[in-house]
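These notes concern the structure reproduced below.
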Amino acid sequence: MPASIPVTLIPGDGIGPEIVEATLTVLDALGAPFEWDRQSAGLAGVTTAGDPLPAATLQSIRRTRLALKGPLETPSGGGYRSSNVRLREEFKLYANLRPARTLIPGGRFDDVDLIVVRENLEGLYIGHEHYVQIDDDPHAVAMATGINTRAGSRRLLEFAFAHAVATGRKRVTIVHKANIMKALTGIFLETAQQLYEKEYRGRFAMDTVIVDACAMKLVLNPQQFDVLVTTNLFGDILSDLVAGLVGGLGMAPGANIGEDAAIFEAVHGSAPDIAGKDLANPIALMLAAAMMLDHVRLTPLATRLRRGIDQTLNMDKVRTGDLGGSAGTAQFTRALVARLQG
Ligand code: NAD
133 MPASIPVTLI PGDGIGPEIV EATLTVLDAL GAPFEWDRQS AGLAGVTTAG DPLPAATLQS
193 IRRTRLALKG PLETPSGGGY RSSNVRLREE FKLYANLRPA RTLIPGGRFD DVDLIVVREN
253 LEGLYIGHEH YVQIDDDPHA VAMATGINTR AGSRRLLEFA FAHAVATGRK RVTIVHKANI
313 MKALTGIFLE TAQQLYEKEY RGRFAMDTVI VDACAMKLVL NPQQFDVLVT TNLFGDILSD
373 LVAGLVGGLG MAPGANIGED AAIFEAVHGS APDIAGKDLA NPIALMLAAA MMLDHVRLTP
433 LATRLRRGID QTLNMDKVRT GDLGGSAGTA QFTRALVARL QG
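End of the sequence shown = 474 in the numbering used here, gap-free, step of one.
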């Protein structure tokens, strides 16, 4: 095991500090060799450094190239631009991985084990939007521009295909809307088909599905999917959908991986409605930490962490309120630590 691996730690807003502390406690119990550099962002960045993405935080990630991040609050409508989107752009975090796996059998769906790979930098997320005034209505017309490039699509698809091969996945489904947005999502579909034919045929099966049909199929029978690869906005929506299939946002981790850094986080937001009340489910961030352990090739520790979570939920039956249990964040964490040390 390496002596120590420097990682930027961003506790974040709302429930962020609670779930981050819980995650640090279990990583300590595992003996994970991380050396944390604590930095701020989001609302906490504004209050402590006058900036939702302070220069010191960026410098730290530039140095460590690795970050574990709590959720960051973004004001809707006006206010500052999302620090999450800025982080993705700054470090060219072009691939967003969101696995969804059934952790508690007997729920809505058993045996779901799929992963959504989302393009993270292009599409309708680039923020080129404006209003057009007509007569005295300044917001009479709203316009947004989406941009997908061949190079950006290819970079993401290469990552997704390589990940599918490395993790032994059997089937990759390209999700698109090329029947309507023929250019914007057609370029992604076309690039996927060319890359598959040229370099990947025979290593896994590839098929394609239109995003609306994909949403229906996921709700009817999610076990039919293995790896879903898609553009930015569709990936954002579908990855929340698949989180709902396996017990909600409290169970959904995410990794943002790019050329310059990798940032691991929970898919959910800062949950201001339950912040500071010891009610938050810390599993999503703990599973994100497991993805980070995989990323730095400490897979045995990742496996122990996932197994410990499984045992705490299903053998000890210690669960937070969002999973129908009565445990608080701290009680769940203590039970998990006992499993890891047992
Ligand atoms: P949210 O994910 O914070 O909350 C949605 C619902 O899920 C709430 O009822 C909340 O209590 C519940 N919930 C979320 N995580 C939970 C957990 N771990 N345990 C138990 N319950 C949980 O979404 P929102 O309310 O739309 O957003 C709140 C803020 O978070 C906004 O400012 C938004 O911009 C931000 N946000 C940040 C990220 C991120 O940093 N990656 C992601 C999404 C939203």
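Ideal placement from N, C-alpha and C gives every residue a C-beta, glycine not left out. On a predicted model such as this, the values are computed, not experimentally measured, just so you know.
Distances from the alpha-carbon of G408 to those of I147, L141, P143, A420 put I147 closest.
The residue from R286, L288, L316, V273 with its alpha-carbon nearest to that of I279 is L316.
In the structure shown, P237 adopts coil according to DSSP, grouped into three states. Taking 8 Å as the cut-off, the beta carbon of I406 is found no closer than this to the beta carbon of G382.
Counting only the Cα atoms, E254 lies some 11 Å from K224. For H260, the closest of E251, G376, M275, I151 by C-alpha to C-alpha distance is M275. Take P270, set aside five residues on each side of it, and the residues of its chain with a beta-carbon closer than 7 Å to its own are Y263, in chain order. Under the Cβ criterion (8 Å, minimum of three pairs), the region 204-223 does not count as touching the region 163-171. Annotated three-state conformation of R197 is coil, per DSSP.
Taking a C-beta distance under 8 Å as the contact criterion, A387 and A420 qualify as a contact pair. In this structure, DSSP gives V450 a state outside helix and strand, which the three-state scheme calls coil. Relative to the non-hydrogen atoms of the ligand NAD, the Cβ of S371 never comes closer than 7 Å to any of them. The region 338-351 and the region 301-314 touch, with three or more beta-carbon pairs separated by less than 8 Å.
Annotated three-state conformation of G401 is coil, per DSSP.
Rounded to whole angstroms, the separation of the alpha carbons of T196 and P138 is 6 Å. Inter-residue distance for S371 and R466 is about 29 Å (C-alpha atoms, whole angstroms). Counting only runs of at least 4 residues, the region 361-385 fully encloses the following alpha helix (DSSP H) elements, listed from N- to C-terminal order: 364-377.
The beta carbon of N216 sits closer than 7 Å to at least one heavy atom of the ligand NAD. Where R303 is concerned, the enclosing beta strand (DSSP E) starts and stops at 303-308.
In this structure, the CA atom of T444 is about 28 Å from the CA atom of L204. T340 is bridged by DSSP to I306. R282 has its alpha-carbon roughly 16 Å from the corresponding atom of E329. The closest heavy atom of the ligand NAD lies 7 Å or more from the beta carbon of T157. In the DSSP assignment, A276 is bridged to E261. G211 has its alpha-carbon roughly 33 Å from the corresponding atom of V378.
When rounded, the separation of the alpha-carbon atoms in F464 and Q265 is 53 Å.
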